[in-house]
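*Asks:* In the numbering used here, the protein residues as written are 1 to 416.
Here it is, the structure, as structure tokens.
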């Protein structure tokens, strides 16, 4: 073959490759000739600006005058997908009752093994740059200890945060611990009562070193930042950990590798904070400064083990939500509760949650990214009414609570 033909073939090959990339990353054509934009699906975190302190990167800033809920997730263990899907929705439910969120991620999304998992990048892009969400990434986390570090990091949010430690307005910020898979319902329950320094529950007692200690559940323990520092530096611990390595050192040999639910090492954070609260109470000799709330977990909780067919959120404190909410069957059930809790925050199509398009929000994309990967994603876009551009409009609206989101959704809804 003559050289000029070889050159022509090479040019044609380059054009073909270029068109292929354009086809996949700028839009795919459905059978009904409607274009579905792929948007920012595979963007990296490089476009986001974070504050880095050794092995911790912080996206967003603490805001004086705000209340915060802190919850966490690992990106290593088998439950990561389920918890990751919960994170932005849980932040939305806390925003509903006037709380911003501090979300701690155990594991580095920029690590090579995680860059190959598009759902992780998608999650981070969804969370970061939202005014009411502050994200902290614990980068150097051993995979075997990710669950333990994720659990206990809630206790050290006050010291892991990057802020001016001399700012008294920040020292007065209220932080309450919670779980990624629990949605708050009753606003007044989570607020620190007047004249109190600490809020926590009582789920029984345990004995340690001749002391009878109240076991305080991690959902919910609330204090101002200055009190968190005071409580967590009991027993001669002069410094609070502010790196992942210092957290591991703080707990010494108490960490277990590959912790599973109910196994050895599970609940170490609950034992630790319960003991610290007990020691703080003895030191200050003032039980009146602690508000111990009482729970009736049957009547006042919507529980995943007894998920109702009909939802009544009156007199409910919270909801322990279903696992793997990104799956279609589970998402439909969660959607009913969300629309009950946040009426008007969702654009509902057709007959509502029974219509296939009604769950084409975060659930659709997470399900495709996790269970299918990039290749099946394009099949879904080509063969269904799923629209990624629509998804991003709704997801951003849920998290940003924009005044104009309804107009944007209505304007885009014709392509579904």
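The beta carbon of each residue, even a glycine, is placed where N, CA and C say it ideally should be.
Name the DSSP bridge partner or partners of residue 177?
*Replies:* Its beta-bridge partners are 70.
*Asks:* Report back the beta-carbon spacing between residue 277 and residue 200 to the nearest angstrom; my notes put them in contact at under 8 Å.
*Replies:* So it is a contact: roughly 6 Å between Cβ atoms.
*Asks:* Who are the near neighbours of residue 227 in its chain, counting only those whose CB is closer than 7 Å to its CB and skipping five residues on each side?
*Replies:* Once the five neighbours on either side are set aside, the close Cβ partners of residue 227 are 197, 198.
*Asks:* Taking residue 225 as part of the alpha helix (DSSP H), name the residues at either end of that continuous run.
*Replies:* Segment 225-232, the alpha helix (DSSP H) holding residue 225.
*Asks:* Please classify residue 288: does DSSP put it in a helix, a strand, or coil?
*Replies:* Three-state DSSP puts residue 288 in a helix.
*Asks:* Let's test the definition: count the other Cβ atoms within 10 Å of the Cβ of residue 283 and tell me whether it reaches 16, buried, or not, exposed.
*Replies:* Exposed is the call here.
*Asks:* With 8 Å set as the bound, which would you pick, yes or no: does the beta-carbon of residue 333 sit closer than that to a beta-carbon of chain D?
*Replies:* Absent from the structure is chain D; it holds one protein chain and no more.
*Asks:* Verify whether the separation of the beta carbon atoms of residue 268 and residue 152 is less than 8 Å.
*Replies:* For residue 268 and residue 152, yes; Cβs fall inside 8 Å.
*Asks:* What are the partner residues of residue 137, as DSSP defines its beta bridges?
*Replies:* Looking at the DSSP assignment, residue 137 forms a beta bridge with 57, 105.
*Asks:* With distances taken from CA atoms, which of 135, 131, 68 is nearest residue 108?
*Replies:* Taking only the C-alpha atoms, the option nearest residue 108 is 135.
*Asks:* Is it buried or exposed, residue 154, if we count other Cβ atoms within 10 angstroms and call 16 or more buried?
*Replies:* Residue 154 should be labelled buried.
*Asks:* Using a Cβ-Cβ cut-off of 6 Å (strictly less than) and excluding sequence neighbours within five positions of residue 330, which residues of its own chain qualify?
*Replies:* Contacts found: 322, 324.
*Asks:* Residue 187: which of 314, 339, 59 sits nearest, CA to CA?
*Replies:* Of the candidates 314, 339, 59, the one whose C-alpha sits nearest the C-alpha of residue 187 is 314.
*Asks:* Assign residue 421 to one of three DSSP states: helix, strand, or coil.
*Replies:* The question about residue 421 has no answer, for the chain in this structure spans 1 to 416.
*Asks:* Would you call the CB atoms of residue 422 and residue 319 closer than 8 Å?
*Replies:* Since the displayed the chain opens at 1 and closes at 416, residue 422 lies outside it and no answer follows.
*Asks:* Can you list, in chain order, the residues of its chain whose CB lies under 7 Å from that of residue 76, leaving out five sequence neighbours each side?
*Replies:* Closer than 7 Å at Cβ, skipping near neighbours: 107, 143, 146.
*Asks:* Identify, in the order they occur along the chain, each residue of the same chain with its Cβ nearer than 8 Å to the Cβ of residue 307, setting aside the five sequence neighbours on each side.
*Replies:* Closer than 8 Å at the Cβ level, and outside the excluded window around residue 307, lie 322, 333.
*Asks:* Decide if residue 224 is buried, meaning its Cβ has at least 16 other Cβ atoms within 10 Å, or exposed.
*Replies:* Residue 224 is buried by the Cβ-count criterion.
*Asks:* Tell me which residue opens and which closes the alpha helix (DSSP H) that residue 149 is part of.
*Replies:* Where residue 149 is concerned, the enclosing alpha helix (DSSP H) stretches over 146-152.
*Asks:* Which partner residues of residue 199 appear in the DSSP bridge assignment?
*Replies:* BP columns for residue 199 point to 222, 291.
*Asks:* With a CB to CB cut of under 7 Å and the five nearest residues on each side skipped, what residues in its chain are close to residue 74?
*Replies:* Hits under 7 Å: 80, 106, 107, 146, 147, 150.
*Asks:* Given this structure, state the Cα-to-Cα distance separating residue 316 from residue 181, to the nearest angstrom.
*Replies:* Going from the Cα of residue 316 to the Cα of residue 181 covers about 16 Å.
*Asks:* If the criterion is Cβ atoms closer than 8 Å, does the pair residue 337 and residue 290 meet it?
*Replies:* Cβ distance not < 8 Å, so residue 337 and residue 290 don't count as in contact.
*Asks:* Kindly indicate which three-state DSSP category residue 184 falls into: helix, strand or coil?
*Replies:* Three-state DSSP puts residue 184 in a strand.
*Asks:* Comparing C-alpha positions only, which one of 125, 270, 183, 162 sits nearest to residue 214?
*Replies:* With distances taken between Cα atoms, residue 214 lies closest to 270.
*Asks:* Within a Cβ cutoff of 7 Å, which residues of the same chain sit near residue 94, ignoring the five residues on either side of it in sequence?
*Replies:* The residues are 69, 101, 184.
*Asks:* DSSP three-state call for residue 319: helix, strand or coil?
*Replies:* In the structure shown, residue 319 sits in a strand (DSSP, three-state: E or B).
*Asks:* Write down the C-beta distance between residue 174 and residue 192 rounded to the nearest angstrom, noting that I regard them as a contact closer than 8 Å.
*Replies:* Right, the Cβ-Cβ distance comes to about 6 Å (below 8 Å), so this counts as a contact.
*Asks:* Taking C-alpha atoms, which residue in 231, 298, 194 lies nearest to residue 273?
*Replies:* The option with the nearest alpha carbon to residue 273 is 231.
*Asks:* Could you give the C-beta distance for residue 127 and residue 64, rounded to a whole number, given that I count them as a contact under 8 Å?
*Replies:* 22 Å between Cβ atoms; not a contact.
*Asks:* How far does the beta strand (DSSP E) with residue 302 in it reach, from first residue to last?
*Replies:* Its beta strand (DSSP E) spans residues 301-303.
*Asks:* Any idea what DSSP makes of residue 336, helix, strand or coil?
*Replies:* Here residue 336 sits in helix by DSSP.
*Asks:* In the DSSP assignment, find the alpha helix (DSSP H) that holds residue 313 and state where it starts and stops.
*Replies:* Taken as a continuous stretch (DSSP letters only), residue 313 belongs to no alpha helix (DSSP H), as it is neither H nor E.
*Asks:* Can you name the residues that DSSP bridges to residue 214?
*Replies:* Bridge partners of residue 214: 205.
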